[in-house]
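Enquirer: Numbering that gives the first Met the number 0 numbers the first residue of the sequence shown as 0 and each following residue consecutively. What follows is a structure written as structure tokens; I'll ask about it next.
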Amino acid sequence: MTPSPFERLWHTRWAVLGFGLLLYPVPTPTGWRGLASSSPDCQDLFTTFCQDSALPSSTDPTGAVWSENEAFDRLQTLRRQLSPQQLMARIYSHDRVIEIRKTEQWVRQEILRWIERQMGSSLNLRDRKELRQRILAVRLEIPSSLPQPPVLLEHGAFYESHKQGKPGLSQIRLGGAYVLGTTSQSNWVFTLAHEFAHSIDPCELRASGWTPPAFERLNGCLLESGVIQTPNDRHECVTRDQLSEVFADWLATEILVAWLDQYGREYPTPQRWALVRNSVRDLCPPPNSDYDSEWHPESRTRINRILGENPKVRNYLGCPRSDQKTCRTDDQ
Ligand SMILES: [Zn+2]
């Protein structure tokens with residue numbers, strides 16, 4: 000089978016990386032030797048992923064994810080040193096934009112494939128068509144000139160619905176600090192899949208007066224599992240509700256699993272851990288920060304429960320299955 004442009008790019012990149020490693024052997028990172036001989040903590044991925052000393056990110060073969068503080072500081076330094084045009088070329092370099100676009104294309108196609116796999120009682124033909132249209136209507140906005148703050152300084156990605164409740168054009172924007180500080184492909188996959196997922200999240204669909212039965216089932220399971228906090232003043236999709244964010248993390252995990260299956264099988268265990276860690280590295284809370292509990296579950300829940308209880312993620316890492324029930328769109 001002819002490899003897609005994305006696959007070609009991936010293999011080329013890896014071949015170059017592999018050649019580089021032959022010429023310049025990289026010393027074993029501090030603390031890694033221990034992890035190679037004893038399994039990292041399958042019970043608490045949050046701590047393993049979010050403590051710098053626990054799992055060096057340098058072992059991710061696809062790239063790195065700088066912390067929010069590091070990305071912000073480096074961006075501020077570059078702002079002082081470079082002209083706006085130079086800074087634009089540095090953040091949104093030609094090569095990086097090409098790679099992000101390839102990842103966008105792959106993620107969009109994988110979500111469309113995921114929708115198609117939800118057959119029969121899960122999603123009927125009309126539901127699938129509607130969801131497909133929504134995914135196809137999302138545009139990833141990459142600016143042609145340097146964006147202004149706050150977008151320039153943001154270390155994250157954003158989904159913006161242009162026509163609330165209708166499947167019109169909507170867009171994903173990537174903050175400048177995020178683009179500058181993230182080269183890990185697994186992170187791009189998780190991040191873009193999370194933002195794409197917002198175009199079909201339960202609250203976005205409900206705004207148009209429509210919720211497929213399969214999604215009702217999934218929402219009920221996510222609530223029952225306790226990953227969504229339910230304070231007394233919670234009003235679903237209106238105030239203090241984490242449903243749409245949990246759904247976006249849940250679907251992003253499904254898409255990440257497909258990506259790991261396609262591109263990550265060849266890697267040994269330490270690199271597998273680094274790939275999964277970097278996919279959610281930016282969910283780790285910066286030191287002394289408050290998290291947005293109104294819409295997002297806390298980072299520990301996002302990493303340990305939504306990502307960390309997925310059976311395929313656990314299998315990929317060599318971890319035993321979680322005894323928690325797995326939420327799905329079908330009724331099995
Ligand atoms: Zn989100």
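Don't be surprised by glycine CBs; every beta carbon is placed ideally from N, CA and C.
(1) Could you compute how far the alpha carbon of residue 245 sits from the alpha carbon of residue 231?
(2) Got a sec? Which residues, its chain only, sit under 7 Å from residue 241 by beta carbon, not counting five neighbours each side?
(3) Helix, strand or coil for residue 329, going by three-state DSSP, please let me know.
(4) Starting from the C-beta of residue 263, find all residues in its chain whose C-beta is less than 6 Å away, skip the five residues before and the five after it, and write them out in chain order.
(5) Per DSSP, residue 173 forms a beta bridge with which residues?
(6) Using the beta-carbon of each residue, find all residues closer than 6 Å to any heavy atom of ligand 1 and list them in chain order.
(7) So residue 312 is in the alpha helix (DSSP H); what residue range does that whole segment cover?
(8) Just to confirm before moving on: does the CB-CB distance between residue 131 and residue 114 stay below 8 Å?
(9) If the criterion is Cβ atoms closer than 8 Å, does the pair residue 122 and residue 211 meet it?
(10) What residue range does the alpha helix (DSSP H) around residue 203 cover?
(11) If the criterion is Cβ atoms closer than 8 Å, does the pair residue 217 and residue 49 meet it?
(12) When you compare only the Cα positions, how much space is there between residue 33 and residue 312?
(13) I need the straight-line Cα distance from residue 67 to residue 176, nearest angstrom please.
(14) Assuming contact is defined by CB atoms lying nearer than 8 Å, are residue 252 and residue 117 in contact in what I supplied?
(15) With distances taken between CB atoms, is the gap from residue 154 to residue 174 smaller than 8 Å?
(16) Quick one, which of 239, 318, 209 and 299 has its alpha-carbon nearest residue 125's?
(17) For residue 238, which of helix, strand or coil comes out of DSSP?
(18) Residue range of the alpha helix (DSSP H) that residue 130 falls in?
(19) Span of the alpha helix (DSSP H) holding residue 263?
(20) Does residue 332 pass the burial test, meaning 16 or more other C-beta atoms within 10 Å, or should it be called exposed?
(21) On the three-pair Cβ rule with 8 Å, is the segment 72-86 touching the segment 315-324?
(22) What would DSSP say about residue 139, mapped onto helix, strand or coil?
(23) Label residue 225 either buried or exposed according to how many other C-beta atoms from any shown protein chain fall within 10 Å of its C-beta, with 16 as the threshold for buried.
(24) Quick check: what's the CA-CA separation for residue 205 versus residue 236?
Expert: According to the structure data:
(1) As a position in the sequence shown, residue 245 is number 246, starting the count at 1. As a position in the sequence shown, residue 231 is number 232, starting the count at 1. Cα to Cα, the separation comes out at about 19 Å.
(2) Taking the sequence shown and counting its residues from 1, the one referred to as residue 241 is at position 242. The beta carbon of residue 241 is closer than 7 Å to those of 227, 228, 294, 295 and 296 in its chain, skipping five residues each way along the sequence.
(3) Taking the first residue of the sequence shown as 1, we reach residue 329 at position 330. In the displayed model, residue 329 falls within coil according to three-state DSSP, outside both helix and strand.
(4) As a first step, residue 263 is located in the sequence shown; it is residue number 264 there, counting from the start. Hits under 6 Å: 274.
(5) By one-based count along the sequence shown, residue 173 stands at place 174. Residue 173 pairs with 156.
(6) 193, 197, 244 and 247
(7) Locating residue 312 in the sequence shown gives position 313, counting from the first residue. Residues 310-316.
(8) What you label residue 131 is simply residue 132 of the sequence shown in a count that begins at 1. What you label residue 114 is simply residue 115 of the sequence shown in a count that begins at 1. Yes; because the gap between Cβ atoms is below 8 Å, this pair is in contact.
(9) Sequence index remark: in the sequence shown, residue 122 carries index 123 (1-based). Sequence index remark: in the sequence shown, residue 211 carries index 212 (1-based). Closer than 8 Å, so yes.
(10) Sequence index remark: in the sequence shown, residue 203 carries index 204 (1-based). Taken as a continuous stretch (DSSP letters only), the alpha helix (DSSP H) holding residue 203 covers 201-205.
(11) For the purposes of this step, residue 217 is taken as the residue at position 218 of the sequence shown. For the purposes of this step, residue 49 is taken as the residue at position 50 of the sequence shown. No, the Cβ-Cβ distance between residue 217 and residue 49 is not below 8 Å.
(12) Reading the sequence shown from its first residue, position 34 is the one you call residue 33. Reading the sequence shown from its first residue, position 313 is the one you call residue 312. Caution is warranted here: a pLDDT of 38 is assigned to residue 33, below 50, making its placement in the model unreliable, and no coordinate value can be reported.
(13) Your numbering for residue 67 matches position 68 in the sequence shown. Your numbering for residue 176 matches position 177 in the sequence shown. Cα to Cα, residue 67 sits roughly 8 Å from residue 176.
(14) The residue given as residue 252 occupies position 253 in the sequence shown. The residue given as residue 117 occupies position 118 in the sequence shown. Result no, Cβ atoms of residue 252 and residue 117 do not sit closer than 8 Å.
(15) As a position in the sequence shown, residue 154 is number 155, starting the count at 1. As a position in the sequence shown, residue 174 is number 175, starting the count at 1. In contact: residue 154 and residue 174 (Cβ atoms closer than 8 Å).
(16) Here the question's residue 125 lines up with position 126 in the sequence shown. It is 209.
(17) Sequence index remark: in the sequence shown, residue 238 carries index 239 (1-based). Of the three classes helix, strand and coil, the one that applies to residue 238 here is strand, per DSSP.
(18) Stepping through the sequence shown from its first residue, residue 130 is reached at position 131. Here the alpha helix (DSSP H) through residue 130 covers 124-135.
(19) For the purposes of this step, residue 263 is identified with residue 264 of the sequence shown, where counting begins at 1. Premise fails: residue 263 is in no alpha helix (DSSP H) and is neither H nor E.
(20) There is simply no residue 332 to check, as the chain begins at 0 and stops at 331 in what is shown.
(21) no
(22) Stepping through the sequence shown from its first residue, residue 139 is reached at position 140. Residue 139: strand per DSSP, three-state reduction.
(23) Taking the first residue of the sequence shown as position 1, residue 225 is located at position 226. Exposed, by the Cβ-count rule.
(24) The residue you call residue 205 lines up with position 206 of the sequence shown. The residue you call residue 236 lines up with position 237 of the sequence shown. Looking at the two C-alpha atoms, the distance is approximately 8 Å.
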